[in-house]
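Residue numbers (the working numbering): -18 to 268. C-beta atoms are modelled at their ideal positions from N, C-alpha and C, and glycine is treated no differently. Below is one structure, written out as structure tokens; comments come after it.
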């Protein structure tokens, strides 16, 4: 026989679960695209925690789609292979040798690490890239950058079949050209393209910052598209936050219900954002 006293932590946990019920109902059968990067990929422990959250989302009836990056891993292998990169306006030129390494790392090593982590936590996952089943057809984003792609055509039929089988798609941001080229696509851009094509309920962009901040440095929890445009024009939104907010704007204006820049350093960030009142980042909606 076993006995144990009830305590405040147990009661707090029960209360939290009870309060989550409306959100669980709200997101039943919803499609949520998650861009994974930064802290959540920084260690095996962080990746397993993220994977556990994604498995829980699937068990709660959510259809998660994970789109991941892998910049640091690419840089390490390029250095190891002594492949020198050229840069134009601060952006890496992706030539034939570089894109081969990019695909090897993203579609191979990183993608399968994430798939394995999800399956260690009891879920079922399939690793893909945009080249599979014509998921993402690309054209050159900027010719001077070489094989850097911009998504121009999406086919989500395979993803919808996976949803029916309760399988979690894990997608590397690699795209196919119309003439058989392989394109490297920015991870945020790829996630936004899948979210738009799926008319997702949420696009979650995991970052290593608390969210979008105003001029006083305060994190804003809800913004409209016009707020983002005004803050960018005035310089309040600057630097690395600009491409993330641009991806969010493009998504919500393309039919995604809301995009959220999420603090991926927070434990259980995705669960907090979807299943609690306070969330875990800055939500952006169309005007």
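request  = Starting from the Cα of residue 81, find the closest Cα among 186, 157 and 220 and give me that residue.
outcome  = Within the chain shown, numbered from 1, the residue matching residue 81 stands at position 100. Nearest C-alpha to residue 81: 157.
Unbroken beta strand (DSSP E) run spanning residue 134, endpoints = Position 153 of the chain shown, counted from the first residue, corresponds to residue 134. From DSSP, the beta strand (DSSP E) with residue 134 extends over 130 to 135.
key: DSSP three-state assignment for residue 264, whether helix, strand or coil   = In the chain shown, residue 264 corresponds to position 283, counting from 1. Residue state, collapsed to three classes: strand.
Same chain, Cβ closer than 7 Å to residue 18, neighbours up to 5 away in sequence not counted = Locating residue 18 in the chain shown gives position 37, counting from the first residue. 49, 50, 168 and 187.
message = Between which two residues does the beta strand (DSSP E) holding residue 41 run?
response = Translated into positions along the chain shown, residue 41 becomes position 60. Run containing residue 41: none; DSSP gives neither H nor E here.
query = Around the Cβ of residue 53, are there at least 16 other Cβ atoms within 10 angstroms (buried) or fewer (exposed)?
reply = Position 72 of the chain shown, counted from the start, is the residue given in the question as residue 53. It is exposed - the Cβ of residue 53 has fewer than 16 other Cβ atoms within 10 Å.
query = Name the DSSP bridge partner or partners of residue 242?
reply = Residue 242 sits at position 261 when you count from the first residue of the chain shown. The partner list for residue 242 (beta bridge, DSSP) reads 186 and 263.
Straight-line gap, residue 224 to residue 89 (C-alpha atoms, nearest Å) = Here residue 224 is taken as the residue at index 243 of the chain shown, counted from 1. Here residue 89 is taken as the residue at index 108 of the chain shown, counted from 1. Using only the alpha carbons, I get a separation of about 26 Å.
query = Any idea what DSSP makes of residue 165, helix, strand or coil?
reply = As a working mapping, residue 165 is identified with position 184 in the chain shown. Three-state result, residue 165: strand.
ask   = Apart from the five residues just before and just after residue 262, which ones in its own chain have a Cβ nearer than 7 Å to its Cβ?
value = Residue mapping note: residue 262 aligns to position 281 of the chain shown, counting from 1. Same-chain partners within the cutoff: 192, 241, 242, 243, 244 and 254.
query = Should residue 64 be labelled buried (16 or more other beta-carbon atoms within 10 Å of its own) or exposed?
reply = As a working note, residue 64 is residue 83 in the chain shown. By the 10 Å Cβ count, residue 64 comes out exposed.
query = Since residue 52 is in the alpha helix (DSSP H), which residue starts that stretch and which ends it?
reply = Taking the chain shown and counting its residues from 1, one reaches residue 52 at position 71. That run of the alpha helix (DSSP H) goes 52 to 61.
inquiry  = Excluding the 5 residues flanking residue 129 on each side, which residues of the same chain have their C-beta closer than 6 Å to its C-beta?
reply    = Counting from 1 along the chain shown, the entry for residue 129 is found at position 148. Cβ neighbours of residue 129 beyond the five flanking positions: 75, 122 and 165.
ask   = Between residue 236 and residue 177, which are expected to be in contact by the criterion C-beta below 8 Å, what is the C-beta distance as a whole number of angstroms?
value = Within the chain shown, numbered from 1, the residue matching residue 236 stands at position 255. Within the chain shown, numbered from 1, the residue matching residue 177 stands at position 196. That pair is a contact at about 6 Å.
task = May I have the straight-line CA-CA distance separating residue 144 from residue 213, to the nearest angstrom?
result = Counting from one through the chain shown, the residue named residue 144 turns up at place 163. Counting from one through the chain shown, the residue named residue 213 turns up at place 232. Going from the Cα of residue 144 to the Cα of residue 213 covers about 37 Å.
request  = My understanding is that residue 8 touches residue 43, with C-beta atoms under 8 Å, so please give their C-beta distance in whole angstroms.
outcome  = To locate residue 8, count along the chain shown from 1; it is residue 27. To locate residue 43, count along the chain shown from 1; it is residue 62. Sure, about 5 Å apart at Cβ, within 8 Å.
Limits of the unbroken beta strand (DSSP E) element including residue 155 = As a first step, residue 155 is located in the chain shown; it is residue number 174 there, counting from the start. Per DSSP, residue 155 belongs to the beta strand (DSSP E) from 155 to 158.
ask   = In whole angstroms, what separates the C-alpha of residue 47 from that of residue -1?
value = Position 66 of the chain shown holds residue 47. Position 18 of the chain shown holds residue -1. Cα to Cα, the separation comes out at about 27 Å.
request  = Would you identify the three-state DSSP class for residue 99, choosing helix, strand or coil?
outcome  = Within the chain shown, numbered from 1, the residue matching residue 99 stands at position 118. Residue state, collapsed to three classes: helix.
message = Beta-carbon within less than 7 Å of residue 84's beta-carbon, same chain only, minus the 5 sequence neighbours each way: which residues are those?
response = Counting from one through the chain shown, the residue named residue 84 turns up at place 103. Closer than 7 Å at Cβ, skipping near neighbours: 155 and 163.
request  = Give the DSSP-derived three-state secondary structure of residue 258 in the structure shown.
outcome  = What you label residue 258 is simply residue 277 of the chain shown in a count that begins at 1. In the structure shown, residue 258 sits in coil (DSSP, three-state: anything other than H, G, I, E or B).
query = Helix, strand or coil: which one does DSSP assign to residue 126?
reply = On the chain shown, residue 126 is found 145 positions in, with the first residue counted as 1. Reduced to three states, the DSSP call for residue 126 is helix.
query = Can you name the start and end residues of the alpha helix (DSSP H) that residue 21 belongs to?
reply = Position 40 of the chain shown, counting from 1, holds the residue named residue 21. Here residue 21 belongs to no alpha helix (DSSP H), and DSSP marks it neither H nor E.
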